[in-house]
Structures are given as C-alpha cells and as structure tokens.
Amino acid sequence: MIRVNENYSRIKPTYLFAEIAARVAAHQKAHPDAKVIRLGIGDVTEPLAPAVIAAMHRAVDDEAARGTFHGYGPEQGYAFLRDRIAEVDFHARGVDVKADEIFVSDGAKCDCGNFQELLAADAKVAVGDPVYPVYVDTNVMAGRHDIQLLPCTKANSFVPSPDGCDADVVYLCYPNNPTGATASLEQLQAWVDWANAGRRLILFDAAYEAFIRTPGVPHSIFECKGARTCAVEMRSFSKTAGFTGVRCGYTVVPSELVAYAADGAAVPLKPMWTRRQTTKFNGASYITQRGAEAVYSPEGLAQTKAQIDFYLENARLVSAALAKAGYDVAGGVDSPYVWVDVKGDSWKFFDHLLAEANVVTTPGAGFGRAGEGFIRISAFNSRENVLEAIDRISKAL
Ligand code: PLP
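Structure, rendered in structure tokens:
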C-alpha cells in the first residue's frame with residue numbers, strides 16, 4: 000500500500016491569496032463597473048529593463064546557431080554570471096563571497112524551501128512572526144512541526160532578538176516581507192554571535208536587498224563578523240530586476256560553513272548543497288542567466304536602479320498618505336511594502352478598503368498571528384494607479 004507523506008496534512012492551509020481573490024471576485028461581481036486597484040500581492044509591474052531584454056535576445060540568437068548553442072549548463076550556474084554576482088553584489092561592498100560559493104537557481108523561493116533538506120529531521124526551527132510562509136510550510140512538509148515563532152512587533156521594531164531562542168536554525172528576512180522592516184548591522188551581528196556560540200545556522204533571505212537606500216543598513220548577512228561560519232544567504236532577481244516571470248535567484252553557501260553529525264563531526268554544507276543541486280536541479284536556462292548577467296552591466300545597473308527608485312517613490316507616497324490619515328506606518332523605506340497598524344481586525348480593514356475604495360491590500364493576519372492588526376500595502380503598481388488608490392483610500396478613511 001502506498002502511503003502518503005502525512006506531514007502534508009499538517010500544513011496550515013494558506014487560504015490567504017485564494018481568500019483575497021474570492022473576496023475581490025465577489026466584489027467585482029456585485030460592482031461590475033468598479034475599477035479595482037491591486038496593491039495586494041508582491042509581484043512587479045514594470046517591464047524588464049532594456050539591457051536585460053537586449054541580452055536575452057542575443058542569447059536566443061546564440062541558441063539558434065551551431066557553435067554558440069548551449070544545452071545543459073553547469074547546475075551551479077555559468078561562470079559569467081557567478082563572477083559578476085561575486086564582484087558587484089559582494090566584492091564592491093567589501094564583502095568576502097567567492098564565485099564558487101554562489102549557486103544560481105530559478106528563484107529564491109525554491110532555495111528557501113529546499114535548503115532545509117540538508118538538515119536533520121529533528122532540527123529545531125525558528126521563524127519571525129509574521130512570516131513569508133515558505134519557511135514554515137517546507138519545514139512542516141519535512142516533519143518539523145514544532146516551529147518557534149519569534150514575534151516581530153512594534154515593540155522590537157519588527158526585528159526579534161536571539162535572546163531566549165533555542166532553535167538550531169533560524170530564518171531571517173531583511174528587508175522583511177511583510178513588515179518592510181530592515182535590520183541594523185548590530186541586530187544581525189547579535190544573531191550571528193548567537194549562531195556561532197551554539198553551532199547553529201542562519202538562513203538569511205535578502206530577496207529585497209536592492210531596495211535598501213539608507214546608508215549603513217546591511218545588504219548582506221556576510222557584512223557581519225563571523226557570518227561565514229554560520230550563515231547561508233538567498234537572493235533573487237525577482238524584485239531586483241523584475242524577474243518574477245523570468246525566474247532567477249542565487250544562494251551563497253560559504254566554504255567554511257558546517258553542520259554536525261550525531262557524533263559531533265563537522266560536515267561542510269557547501270558540498271552537500273552542490274550534491275543536492277546537481278542531483279535535483281539542472282540549472283537556470285542560458286537565456287535567463289544572460290539576462291541576469293546584463294543586470295550587472297552599467298546600463299543594467301542604472302535601469303534596474305531606476306525601476307526600484309520608482310517603486311520606492313510609490314511606497315513613500317502610500318506611507319505618507321496613510322500617516323496623514325492618522326495611521327502608524329512602518330516599512331515603505333528600503334522596502335516595497337508598507338505595514339500599516341489598522342488598530343483592529345485586519346480582514347475587516349481589508350474589506351472596508353475593498354468596499355469603499357476598490358483597493359486590494361493584504362491583511363496581516365494572513366502572515367501569522369503577530370500580523371493581526373496590520374495590513375500590507377504593496378508599492379508594485381503604476382504611478383497613476385498608486386495615486387488614484389491613495390486618493391480613494393484617503394477618502395474612505
Ligand atoms: N523571499 C521572499 C521574502 C519573498 O517575498 C519572495 C517573493 O515574494 C521570495 C523569496 C521569492 O523569490 P523568487 O521569485 O526569487 O522565488
């Protein structure tokens with residue numbers, strides 16, 4: 000008899016976006032003429048940068064000719080991309096990450112979900128609350144049900160401290176989804192010291208790194224002293240360069256990083272991750288990686304920076320409008336997400352904005368218990384729609 004993995008039945012159903020879609024559909028049915036503006040999900044709206052498009056067109060031509068055609072590539076990614084990542088994302092900032100520690104993938108979600116496979120089934124896991132649900136659900140699927148939630152509240156500026164955390168592995172995400180908060184170097188250093196002191200692991204999700212503009216805010220966990228012996232970092236081209244539909248990301252696994260066998264022997268994680276990726280993944284496409292490489296060209300850097308500046312200005316406008324309406328807002332700086340304290344039930348507030356302003360947001364309760372009382376407003380939309388949404392929200396409030 001074939002048995003199922005019963006851990007799947009223990010995943011909390013995440014009705015969040017399905018429930019939002021159902022409520023929006025019902026609203027549209029009742030008000031067919033309403034022009035609904037979506038500031039809910041975190042998908043980009045600006046088209047790919049011209050430098051990326053040109054590079055991908057050239058890559059298609061490469062694929063069309065003998066001599067330049069590429070079949071299977073290296074599972075870890077092409078050297079032309081890994082070298083540029085190491086140079087621009089790390090060396091230029093004085094951060095020690097080598098090209099052979101960079102594993103290119105088809106996005107950060109898979110890497111965030113897959114990395115736990117390298118850890119013992121009984122590893123204790125901690126996550127922030129509210130949280131990007133992938134960290135929790137992938138661990139529950141693997142049988143780790145007892146996940147420690149670290150409340151991220153106004154009181155700790157949405158950055159938990161490691162004091163009292165007895166997990167073996169912690170997921171940290173800064174700039175944060177959904178709260179939009181950033182962590183200071185001191186706050187991240189405290190986590191690195193905690194991890195090194197207890198032979199623990201940090202899985203650091205830096206998917207929103209490109210939104211950081213404030214000087215001094217760390218872009219990478221590897222800016223902390225000692226992080227190379229306790230941390231893995233995931234990055235994504237999704238929000239950095241509008242690759243949500245193209246699919247490309249990468250994970251940094253330092254050569255020094257180890258986890259431990261039952262007898263206490265240190266086992267390097269980089270060869271394990273190499274084994275995992277070469278066995279289960281066949282690499283991001285050549286065309287995609289040529290597009291990602293173009294992000295690091297002078298034109299690509301300027302064009303993608305302009306796109307992020309555009310979303311950041313949207314976020315600033317949304318934050319200012321909500322603050323003017325008397326609400327406490329967090330995020331929206333160094334992040335595309337504005338986290339609004341709605342002083343009450345987040346689904347009720349969501350329904351109110353949908354009914355009265357025809358604007359879709361995301362209720363904080365969908366990201367975890369500590370998200371109740373907040374809504375997330377995303378800056379991913381056209382300026383015209385953001386301005387209209389702000390106007391309507393201000394009237395509705
Ligand atoms: N990590 C966080 C925190 C995210 O919010 C997202 C997407 O919204 C991802 C990872 C997924 O990134 P990717 O598109 O590279 O899979």
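Residue 179 in numbering that gives the first Met the number 0 sits at position 180 of the sequence shown, with consecutive numbering throughout. All residues carry an ideal CB built from backbone N, CA and C; glycine is no exception.
DSSP bridge partner residues for residue i (one or two, in chain order)
i    : result
Y259 : A265
T361 : R375
V124 : V168
A33  : DSSP, once it has assigned bridges, lists no residue as partnering A33.
Host beta strand (DSSP E) of residue i (start-end)
i    : result
E232 : A230 to S235
D350 : Looking at the DSSP string, D350 is not in any beta strand (DSSP E); the run it does join, the alpha helix (DSSP H), is S345 to A356.
T250 : G248 to V251
Y170 : V168 to C172
L148 : Q147 to P150
V191 : Element bounds for V191: not the beta strand (DSSP E) but the alpha helix (DSSP H), L184 to A196.
V139 : Looking at the DSSP string, V139 is not in any beta strand (DSSP E); the run it does join, the alpha helix (DSSP H), is V133 to M140.
V328 : D327 to G330
Secondary structure of residue i, DSSP reduced to three states
i    : result
R65  : coil
G112 : helix
D204 : strand
D340 : strand
I101 : strand
R392 : Here residue 392 turns out to be Ile, not Arg, going by the sequence shown. In the structure shown, I392 sits in a helix (DSSP, three-state: H, G or I).
D60  : helix
P214 : coil
L15  : helix
G163 : coil
V3   : coil
A107 : helix
N155 : helix
E383 : helix
V23  : helix
S219 : coil
D82  : helix
V51  : helix
V399 : The structure shown has nothing for residue 399, since the chain only spans 0 to 396.
S8   : helix
D42  : coil
F280 : coil
V96  : coil
P177 : coil
H144 : coil
G225 : coil
Residue from the options whose Cα sits closest to the Cα of residue i
i    : options                   : result
A154 : A369, I376 and E387       : A369
Y285 : K11, N4 and Q75           : Q75
G372 : I392, A319 and K347       : K347
A50  : L300, V103, F221 and L15  : L300
N192 : R227, Y207 and P174       : With the sequence shown as reference, residue 192 is identified as Asp, and Asn is not the correct amino acid for it. Among R227, Y207 and P174, the Cα nearest to that of D192 is on R227.
V257 : Y295, C247, N195 and R246 : N195
I19  : C109, V358 and A378       : V358
N113 : V133, A378 and E100       : V133
T303 : F242, W272, F157 and C164 : F242
F280 : G72, A53, N4 and A48      : G72
H56  : A378, R289 and I392       : R289
R391 : S377, I376, L352 and A264 : L352
F379 : L15, L117, L316 and L118  : L316
L149 : W190, A230 and G225       : W190
A395 : G325, V337, S377 and I201 : G325
R81  : R65, E185, A64 and E100   : E100
V337 : A356, V139, D350 and L311 : L311
V231 : A48, E255, A283 and F210  : E255
Q276 : G41, L117 and A85         : L117
M140 : A354, I374 and K11        : K11
A260 : S318, D204 and R199       : R199
Residue i - containing alpha helix (DSSP H), residue span
i    : result
Q75  : First-last for Q75: undefined, no H or E at that position.
N313 : P297 to K323
G290 : Y285 to V294
Please determine if the region 338 to 349 and the region 357 to 367 are in contact, where contact requires at least 3 C-beta pairs separated by less than 8 Å. Judged by pairs of C-beta atoms under 8 Å, the region 338 to 349 touches the region 357 to 367, as three or more such pairs exist.
Taking three-plus beta-carbon pairs below 8 Å as touching, is the region 163 to 183 in contact with the region 122 to 135? Yes: the two stretches touch, three or more of their Cβ pairs being nearer than 8 Å.
Check whether the region 232 to 239 and the region 94 to 114 are in contact - that is, three or more C-beta pairs closer than 8 Å. Under the 8 Å Cβ criterion, the region 232 to 239 counts as touching the region 94 to 114, having at least three qualifying pairs.
For the structure I just gave you, are there three or more beta carbon pairs, one from the region 173 to 183 and one from the region 330 to 337, closer than 8 Å? Touching, yes, given that three or more Cβ pairs across the two stretches are closer than 8 Å.
For the region 89 to 103 against the region 305 to 317, do three or more pairs of beta-carbon atoms, one drawn from each stretch, fall closer than 8 Å, so that the two count as touching? With the cut-off at 8 Å, the region 89 to 103 and the region 305 to 317 do not touch.
Is it true that the region 265 to 273 meets the region 59 to 70, where meeting means three or more beta-carbon pairs spaced less than 8 Å apart? Short answer: they don't touch.
Quick check: the region 382 to 396 against the region 32 to 41, are at least 3 beta-carbon pairs closer than 8 Å? Under the three-pair Cβ rule at 8 Å, the region 32 to 41 counts as touching the region 382 to 396.
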